[in-house]
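Peer 1:
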Amino acid sequence: GKTPEGRYFITHHNPNSAYHLSLGINYPNQKDIKNAKEKGFDAGGNIFIHGGPENFFTQLFVDWTKGCIAVYDHEIEEIYQMVPDGTTVYIYS
């Protein structure tokens, strides 16, 4: 439920996302898994950069990001076209 921080890379483009396009991120990596185990947590997974949900009401009533990085639909359209798989992404708060 928390956005991971660190150095990751784009694994794939998902045109059939439940959100308005999405880019997969290689989370969790070995370091993330080790850190989570040491703290007694599950590292989780399925972290994406994505646009808004297809169902607008989801945005109003649910924590719909669940650790992902959400951007506006027009932003993900631009990012989706410009960023190839393998691109390094640094995530920091």
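Using our numbering, the final residue of the sequence shown is 1133, and nothing's skipped along the way.
Note that CB positions come from ideal geometry on N, CA and C, so glycine has one too.
1. Is DSSP giving asparagine 1075 helix, strand or coil here?
2. Which residues share a DSSP beta bridge with proline 1093?
3. How long is the line joining the alpha carbons of glycine 1091 and lysine 1077, rounded to whole angstroms?
4. For the ligand MG, any of its heavy atoms closer than 8 Å to the Cβ of asparagine 1086?
5. Pick helix, strand or coil for tyrosine 1112, following the three-state DSSP scheme.
Peer 2: Inspection of the coordinates gives the following:
1. In the structure shown, the three-state DSSP call for asparagine 1075 is helix.
2. Tyr1059
3. About 31 Å.
4. In the structure on display, the ligand MG does not appear, and there are no ligands present to speak of.
5. coil
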